[in-house]
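J.: One gets the numbering used here by counting positions in the sequence shown from 1 and adding 8 to each. I have a structure I would like to understand better, so I am pasting it below and will then ask my questions one at a time.
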Amino acid sequence: MAIVGSSVVVGKLAVARLPVFLLSGLRFAVAAGIMVILVALVERPLPRLGRRDVGVLTLQAFAGIFAFNVLLLYGLAFTTAAEGGIVTSTTPAVAATLAVIALGERWSLMRTAGAGLVVLGVLLLNIAGGGLATRGSSPVLGNLLVFGAVVGEAVFVVCSRVAAQRLSPLVVATAISVLGFVMFLPAAVLEMRVFPLSRLAPIDWVIVGYYGVVVTVVAFLLWARGVARVPASTASVFTGVLPVSALALSHLALGERISPWHVLAAALVAGGIVVLTRAR
Numbered sequence: 009m010a011i012v013g014s015s016v017v018v019g020k021l022a023v024a025r026l027p028v029f030l031l032s033g034l035r036f037a038v039a040a041g042i043m044v045i046l047v048a049l050v051e052r053p054l055p056r057l058g059r060r061d062v063g064v065l066t067l068q069a070f071a072g073i074f075a076f077n078v079l080l081l082y083g084l085a086f087t088t089a090a091e092g093g094i095v096t097s098t099t100p101a102v103a104a105t106l107a108v109i110a111l112g113e114r115w116s117l118m119r120t121a122g123a124g125l126v127v128l129g130v131l132l133l134n135i136a137g138g139g140l141a142t143r144g145s146s147p148v149l150g151n152l153l154v155f156g157a158v159v160g161e162a163v164f165v166v167c168s169r170v171a172a173q174r175l176s177p178l179v180v181a182t183a184i185s186v187l188g189f190v191m192f193l194p195a196a197v198l199e200m201r202v203f204p205l206s207r208l209a210p211i212d213w214v215i216v217g218y219y220g221v222v223v224t225v226v227a228f229l230l231w232a233r234g235v236a237r238v239p240a241s242t243a244s245v246f247t248g249v250l251p252v253s254a255l256a257l258s259h260l261a262l263g264e265r266i267s268p269w270h271v272l273a274a275a276l277v278a279g280g281i282v283v284l285t286r287a288r
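Next up, the structure:
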């Protein structure tokens, strides 16, 4: 999640230079190519996916990769980043609740306390990050779309846990990368008609490479490996690291100001994660 947070900073530069679907299509093309090679070299014997595996991985890729990105981007077109950020701060709570409902994981007072600290910290982080004096053109619609992206991320977390019970982290990461590429491909091809690859400058390929290798290959492998070892309700709380990481990197890379409220919010998130890791 810390690595994924860096994509917010890079994304501010990328969306000003490249169409969204083309950027996503190239990103997953790079990631899928690398991971397919890794599977061919490492996995012996090559994995066989059953219908249930394909169904879970397809749902995971659609909800957490395609739907999440599309709903978030379109939602932010109608609402402000501040309001959208507040909505996304509900991700740990939504994902943890869905894990309990869908997987029957036991809840506890420690998990309640940990999840509460994370949600409180991320809410404070987003409120401190900007005022709500100005609103988008259709904030209700925009916030509903952003919440749809939150639900997609929650489904991604739960599917990660289900897939990890039967498949290796490398196979899971490879499958969702390939599926993500397939889902973004049609729209990416359409955008290539007005923005051909020949227009990409060297810096654009650097951005695509970072997204494909670091944000996708490395982050997906770490996430798949980690979620195989902890309950989905616990893993969901670590999604709170994303906005904190984005805040810190925005300050370091873009020179954005950090206030004491930001520091307090980050401390609450860190405290929540510590409580969750100690919960049985």
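The beta-carbon is built from N, C-alpha and C at its ideal position, and this holds for glycine as well.
1. Rounded to a whole number of angstroms, what is the C-alpha to C-alpha distance between phenylalanine 80 and alanine 71?
2. Between which residues of its own chain and alanine 157 is the CB-CB distance below 6 Å, once the five residues before and five after are set aside?
3. Does the distance from the CB of alanine 194 to the CB of leucine 229 come in under 7 Å?
4. Quick one: Cα of proline 204 to Cα of valine 148, how far?
5. Please report the distance separating the alpha-carbon of isoleucine 131 from that of valine 226.
6. Check each candidate in Val62, Thr99 and Thr105 and name the one with the smallest Cα separation from valine 154.
7. Which of helix, strand or coil does DSSP assign to arginine 25?
8. Closer than 6 Å by C-beta to leucine 34: which residues in its own chain qualify, once you throw out the five before and the five after it? Chain order, please.
9. Report the start-end ranges of each alpha helix (DSSP H) in the segment 49-122 that is 4 residues or longer and not cut off at the edges.
10. Can you tell me the Cα-Cα spacing of threonine 66 and valine 166, whole angstroms?
11. Would you be able to state if there are at least three C-beta pairs under 8 Å between the segment 103-119 and the segment 179-199?
12. Please classify glycine 63 as buried or exposed, where buried requires at least 16 other C-beta atoms within 10 Å of its C-beta.
13. Grouping DSSP H, G and I as helix and E and B as strand, with all else coil, what is serine 168?
14. Classify isoleucine 73: buried if its beta carbon has 16 or more other beta carbons within 10 angstroms, exposed otherwise.
15. Would you mind reading off the limits of the alpha helix (DSSP H) that contains tyrosine 218?
16. The alpha helix (DSSP H) with proline 177 in it runs from where to where?
17. How many angstroms separate the CA atom of tryptophan 213 from the CA atom of alanine 39?
18. Starting from the C-beta of phenylalanine 164, find all residues in its chain whose C-beta is less than 6 Å away, skip the five residues before and the five after it, and write them out in chain order.
19. Compute the Euclidean distance between the alpha carbons of valine 179 and serine 145, then round it to the nearest angstrom.
T.: Put simply:
1. Along the sequence shown, one-based indexing puts residue 80 at 72. Along the sequence shown, one-based indexing puts residue 71 at 63. In the sequence as presented, phenylalanine is not what sits at residue 80; that position holds leucine. Cα to Cα, leucine 80 sits roughly 12 Å from alanine 71.
2. Within the sequence shown, numbered from 1, the residue matching residue 157 stands at position 149. Correct list, in chain order: Phe76, Leu79 and Leu80.
3. The residue given as residue 194 occupies position 186 in the sequence shown. The residue given as residue 229 occupies position 221 in the sequence shown. Checking the sequence shown, residue 194 turns out to be proline, not alanine. Not closer than 7 Å, so no.
4. Taking the first residue of the sequence shown as 1, we reach residue 204 at position 196. Taking the first residue of the sequence shown as 1, we reach residue 148 at position 140. Rounded to whole angstroms, proline 204 to valine 148 spans 36 Å at the Cα level.
5. By 1-based counting over the sequence shown, the position of residue 131 is 123. By 1-based counting over the sequence shown, the position of residue 226 is 218. Residue 131 is actually leucine in this sequence, not isoleucine. Note on geometry: alpha-carbon atoms of leucine 131 and valine 226 lie some 28 Å from one another.
6. Residue 154 sits at position 146 when you count from the first residue of the sequence shown. It is Thr99 whose Cα lies nearest to the Cα of valine 154.
7. Here residue 25 refers to the residue found at position 17 when the sequence shown is read from its first residue. In the structure shown, the three-state DSSP call for arginine 25 is coil.
8. Walking along the sequence shown from the start, residue 34 turns up at place 26. Cβ-Cβ distances below 6 Å link leucine 34 to Val216 in the same chain, with the five nearest sequence neighbours on each side left out; the list follows chain order.
9. Segments of the alpha helix (DSSP H) lying fully in the segment 49-122: 59-69, 76-84, 89-96 and 99-111.
10. For the purposes of this step, residue 66 is identified with residue 58 of the sequence shown, where counting begins at 1. For the purposes of this step, residue 166 is identified with residue 158 of the sequence shown, where counting begins at 1. Cα to Cα, the separation comes out at about 13 Å.
11. Fewer than three pairs of CB atoms, one per stretch, sit closer than 8 Å, so the segment 179-199 makes no contact with the segment 103-119.
12. Start at 1 with the first residue of the sequence shown, and residue 63 comes out as number 55. It is exposed - the Cβ of glycine 63 has fewer than 16 other Cβ atoms within 10 Å.
13. As a first step, residue 168 must be located in the sequence shown, where it is residue number 160. If DSSP states are grouped into helix, strand and coil, serine 168 belongs with the helices.
14. Here residue 73 refers to the residue found at position 65 when the sequence shown is read from its first residue. By the neighbour-count definition (other C-beta atoms within 10 Å, threshold 16), isoleucine 73 is a buried residue.
15. The residue you call residue 218 lines up with position 210 of the sequence shown. Element bounds for tyrosine 218: 210-218.
16. Here the question's residue 177 lines up with position 169 in the sequence shown. Here the alpha helix (DSSP H) through proline 177 covers 177-200.
17. As a working note, residue 213 is residue 205 in the sequence shown. As a working note, residue 39 is residue 31 in the sequence shown. Roughly 13 Å separates the two Cα atoms.
18. For the purposes of this step, residue 164 is identified with residue 156 of the sequence shown, where counting begins at 1. Here the set comprises Gln68, Ala71 and Gly72.
19. In the sequence shown, the residue the question calls residue 179 occupies position 171. In the sequence shown, the residue the question calls residue 145 occupies position 137. Spanning the two alpha carbons is a distance of roughly 42 Å.
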